[in-house]
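Residue numbers for the sequence shown, in the numbering used here: 3 to 95. For glycine and all other residues, C-beta sits at the position ideal for the given N, C-alpha and C. Here the structure comes first, spelled out in structure tokens, and everything after it is commentary.
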Amino acid sequence: MSVSFETTQTVAILGGGPGGYEAALAAAQLGAEVTLVERAGVGGSAVITDVVPSKTLIATADAAVAIRGASDLGVQLFARGDSGQAPKPPGAL
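In structure tokens, the structure reads:
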């Protein structure tokens, strides 16, 4: 089902985050004249201000803290060394 405007419509979108960007794109594809108003930059503040990578860093730090406390629970962790080979646990054949 194809939808189009019978007359040219003018659409103003406030905010260039993911929702605003998609709304502007959809309106333009339907033939509207679109004005997108964004004060910081298209993509949303999470993309522009590095929020997503910092959340990844926080999650990695949380995982490191959990791993550090694993030995208190009797868990032994063996990581790959510089050679790319995991060391054999004590008593392994």
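(1) Taking the alpha helix (DSSP H) that L38 belongs to, which residues open and close that run?
(2) Tell me the rounded alpha-carbon separation between K90 and D64.
(3) Is V67 helix, strand or coil when you go by DSSP?
(4) Please report how far the alpha carbon of Q31 lies from the alpha carbon of G17, in whole angstroms.
(5) Please report the straight-line C-alpha distance between A61 and R70, rounded to a whole angstrom.
Once the coordinates are examined:
(1) Premise fails: L38 lies in the beta strand (DSSP E), 35-39, not in any alpha helix (DSSP H).
(2) 27 Å
(3) helix
(4) 18 Å
(5) 14 Å
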